[in-house]
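Colleague:
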Amino acid sequence: RYINQLRFVLENNRALYPYRGELNIEQGDGFARAGFTGNYFFNYPKGGGLDLRVFAGKFFYLGDKTFLKQFETDPYQLNMTGPKGYEDYTYSNYFIGRSEFDHFSSQQIMIRDGGFKVRTDLLSSKIGKTDNWLMAANFTSTIPNAVNPLSVLPFRLPLKIFLDIGTYAEAWKKNAATGKFIYDAGLQLSLFRNVLNIYIPILYSKEYRDYYRSTMVETGIKRLVKTVSFSIDIQNLNLRRMVPQIPF
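Counted the way the numbering used here counts, the sequence shown spans residues 101 to 348.
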């Protein structure tokens with residue numbers, strides 16, 4: 101298989117209100133997809149801030165849309181939830197269990213497309229997965245020490261809150277399986293300069309609640325652990341910030 105890529109990137113890593121925009125156009129056997137990802141960081145006066153991420157994408161079939169082509173292009177289609185290892189078709193992310201479908205390693209995602217943290221892996225067609233169009237906004241905010249329950253610890257654990265809101269083509273059809281807009285929200289623990297991010301969903305749309313009720317027999321803490329997802333974002337290591345002497 102092959103993927104042709106064309107990317108346009110505009111970014112400014114200034115200390116206050118840094119931003120980044122990327123238009124990514126990809127073409128493979130029988131399909132093409134285009135996606136725009138924008139990031140903007142709003143600094144708070146007393147430290148920390150709000151990170152806003154927006155995504156808008158469109159998937160195209162090259163030629164007729166057939167059942168076989170739908171099946172073959174499944175890994176390349178747009179996801180509301182962060183994609184799994186088998187959907188990382190460019191192998192651009194590190195997965196500890198790239199092909200795992202069980203155990204904790206199978207709970208790893210990558211922040212791409214819709215960037216939701218709630219997983220619906222046991223469905224034949226995951227909630228929010230589409231071969232048409234998808235839009236989403238992701239909000240991640242630091243928590244002031246005054247209300248951060250982890251601030252009493254003798255070491256710093258960067259606890260954040262997240263909120264994801266999105267919509268996609270199938271949600272606007274008659275008798276759609278989901279509402280027009282779906283969401284999830286919860287706590288995020290970012291470790292090692294945001295390289296390891298752990299997500300604990302707490303609030304989510306009815307569709308996700310129904311999924312958990314129908315697929316999980318666990319209760320209490322065991323159920324909570326099953327809903328946790330995490331990402332390993334090595335691309336967040338900024339060598340220029342860590343070693344300013346590097347000449348690039």
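All C-beta atoms in this analysis are idealised placements derived from N, C-alpha and C, irrespective of residue type, glycine included.
What does Leu152 pair with, by DSSP beta-bridge criteria?
Modeller: One-based indexing of the sequence shown puts residue 152 at position 52. According to DSSP, which records beta bridges pairwise, Leu152 is partnered with Tyr140, Phe239.
Colleague: Around the C-beta of Asn89, are 16 or more other C-beta atoms found within 10 angstroms, so that it is buried, or is it exposed?
Modeller: The chain is shown only over 101 to 348; residue 89 falls outside these bounds and no answer can be derived.
Colleague: By the DSSP assignment, the beta strand (DSSP E) with Glu270 in it spans what residues?
Modeller: In the sequence shown, the residue the question calls residue 270 occupies position 170. Looking at the DSSP string, Glu270 is not in any beta strand (DSSP E), and its letter there is neither H nor E.
Colleague: On the CB-based measure, 16 or more other CB atoms within 10 Å of its CB, does Asp164 come out buried or exposed?
Modeller: The residue you call residue 164 lines up with position 64 of the sequence shown. Classification for Asp164: exposed.
Colleague: I need the DSSP call for Phe131, collapsed to helix, strand or coil.
Modeller: Stepping through the sequence shown from its first residue, residue 131 is reached at position 31. Three-state DSSP puts Phe131 in a strand.
Colleague: Alpha carbon to alpha carbon, how far is Ala295 from Ile211?
Modeller: Numbered from 1 along the sequence shown, position 195 holds the residue referred to as residue 295. Numbered from 1 along the sequence shown, position 111 holds the residue referred to as residue 211. Strictly speaking, residue 295 in this sequence is Val, with Ala absent from that position. Cα to Cα, the separation comes out at about 12 Å.
Colleague: Quick check: what's the CA-CA separation for Lys322 versus Ile125?
Modeller: If you number the sequence shown from 1, residue 322 lands on position 222. If you number the sequence shown from 1, residue 125 lands on position 25. Cα to Cα, the separation comes out at about 41 Å.
Colleague: Which residues mark the beginning and the end of the alpha helix (DSSP H) in which Ser314 is found?
Modeller: Here residue 314 corresponds to residue number 214 of the sequence shown, with the count starting at 1. Per DSSP, Ser314 belongs to the alpha helix (DSSP H) from 306-315.
Colleague: According to DSSP, is Lys326 helix, strand or coil?
Modeller: The residue you call residue 326 lines up with position 226 of the sequence shown. Helix.
Colleague: Please work out which residues of its chain come closer than 6 Å, Cβ to Cβ, to Leu150, disregarding the five sequence neighbours upstream and downstream, and give them in chain order.
Modeller: By 1-based counting over the sequence shown, the position of residue 150 is 50. Closer than 6 Å at Cβ, skipping near neighbours: Phe142, Ser241.
Colleague: Where does Glu111 fall in DSSP's three states?
Modeller: For the purposes of this step, residue 111 is identified with residue 11 of the sequence shown, where counting begins at 1. If DSSP states are grouped into helix, strand and coil, Glu111 belongs with the strands.
Colleague: According to DSSP, simplified to helix, strand and coil, what is Ile227?
Modeller: In the sequence shown, counting from the first residue as 1, residue 227 sits at position 127. It is coil, neither helix nor strand.
Colleague: Between which two residues does the beta strand (DSSP E) holding Leu358 run?
Modeller: Past the boundaries of the shown model lies residue 358; the chain is included only from 101 to 348, so the question cannot be answered.
Colleague: Does DSSP put Asp174 in a helix, in a strand, or in coil?
Modeller: Here residue 174 corresponds to residue number 74 of the sequence shown, with the count starting at 1. Helix.
Colleague: Shortest alpha-carbon distance to Ala271 belongs to which of Asp221, Tyr304, Leu234, Arg107?
Modeller: The sequence position of residue 271 within the sequence shown is 171, counting from 1. Comparing Cα-Cα distances from Ala271 to each of Asp221, Tyr304, Leu234, Arg107, the minimum goes to Leu234.
Colleague: Are there three or more Cβ pairs, one per stretch, closer than 8 Å when the stretch 210-227 is compared with the stretch 306-315?
Modeller: Touching, per the Cβ criterion.
Colleague: With H, G and I counted as helix, E and B as strand and the rest as coil, what does DSSP make of Phe167?
Modeller: Locating residue 167 in the sequence shown gives position 67, where the first residue counts as 1. Of the three classes helix, strand and coil, the one that applies to Phe167 here is helix, per DSSP.
Colleague: With DSSP run on the structure shown, which of helix, strand or coil describes Ser192?
Modeller: Stepping through the sequence shown from its first residue, residue 192 is reached at position 92. Coil, per DSSP.
Colleague: Mind the definition here: the stretch 117-135 touches the stretch 172-186 only if three or more C-beta pairs lie below 8 Å; say whether that holds.
Modeller: The stretch 117-135 is in contact with the stretch 172-186.
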